[in-house]
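These protein sequences, in sequence, are chains A and B. Just so we're aligned: the first sequence equals residues 0 to 96 in numbering that gives the first Met the number 0. Just so we're aligned: the second sequence equals residues 0 to 99 in numbering that gives the first Met the number 0. Beta carbons: idealized from backbone N, C-alpha and C, even for Gly. Structure, as structure tokens:
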Amino acid sequence: MDDVLWYVLASSRGGPTRVRILRALEERPRNANQLATDLEFDYTTIRHHLNVLMENNVVRRTDDDYAAVYLFTEQVRSNWDTVETVLEAVDPDSEAR
Amino acid sequence: MSALFTIAWVAAAVNVVLLAALGWVWVQGYRRHGASHTLGLLVFASLLLVQNGVWLYFYRLHEGYIGWFVNAGVDVQVGMVLLCGLETVALAFLVRITWS
């Protein structure tokens, strides 16, 4: 899981955007539309990054509905220390809790 | 000049392009956050870039090497193609996940 998090968040082109998505989801679960509005990104951009995060088992959808909310997977929850380390390295200015 | 020779040098040239793209993403990332993971990838890309630069030099400019390749048996030629060609395939996968 460590290498996946480092790669997806720190060493790929969409890393900074995905870090912002994780921060937003950490604050509270949201659906893709809310993420797009709150982070001021295109809906399709947000969906693309959410798909990458889902393919890598970082987030999951509550169901298949249009308004499905995104949550962290069990794998990420049990590796939360690593997530904190990566988020802190990539985006130290943001509030890490 | 044989088709295998052309495939070999084109593969080396494509590798240089793919590594430049990967290196660009990793340089940006490393300058932004300085993570050792990203630095590791950057070192990896730099060394492979040198490697493929050397291949390209041999294939395009080194008379002695070109002569050796052309006169080598098909088994050797195929082997040389695989060295650069398989690397191209591997790098293409890496570019795909890095560019997403």
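(1) Hey, how far is the Cα of Leu17 of chain B from the Cα of Val69 of chain B?
(2) Should Ala19 of chain B go down as buried or exposed, given a rule of 16 or more other Cβ atoms within 10 Å for buried?
(3) Tell me whether Ala7 of chain B is buried or exposed, calling it buried when 16 or more other Cβ atoms sit within 10 Å of its Cβ.
(4) Please return the same chain residues whose Cβ sits closer than 7 Å to the Cβ of Leu55 of chain B, not counting the five positions on each side in sequence.
(5) Going straight from the alpha carbon of Arg96 of chain A to that of Ala91 of chain B, what length do you get?
(6) Tell me the residue span of the alpha helix (DSSP H) that contains Tyr69 of chain A.
(7) How would you label Thr36 of chain A, buried or exposed, when you count the other beta carbons within 10 angstroms and need 16 or more for buried?
(8) Give me, in chain order, the residues of the same chain whose beta-carbon lies closer than 6 Å to that of Ile45 of chain A; leave out the 5 immediate sequence neighbours on both sides.
(9) With C-beta atoms as the reference, is Leu8 of chain A less than 7 Å away from Val58 of chain A?
Let me spell this out:
(1) Leu17 of chain B and Val69 of chain B: Cα-Cα distance of roughly 27 Å.
(2) exposed
(3) buried
(4) Trp8, Ala11, Ala12 and Val15
(5) With a pLDDT of only 44 at Arg96 of chain A, under the threshold of 50, the placement of this residue in the model should not be trusted, and no figure is reported.
(6) No alpha helix (DSSP H) contains Tyr69 of chain A, which is instead part of the beta strand (DSSP E) from Val68 to Phe71.
(7) exposed
(8) If the five residues before and after Ile45 of chain A are omitted, its C-beta is found closer than 6 Å to the C-beta atoms of Ala31, Leu34 and Ala35, all from its own chain and listed in chain order.
(9) no
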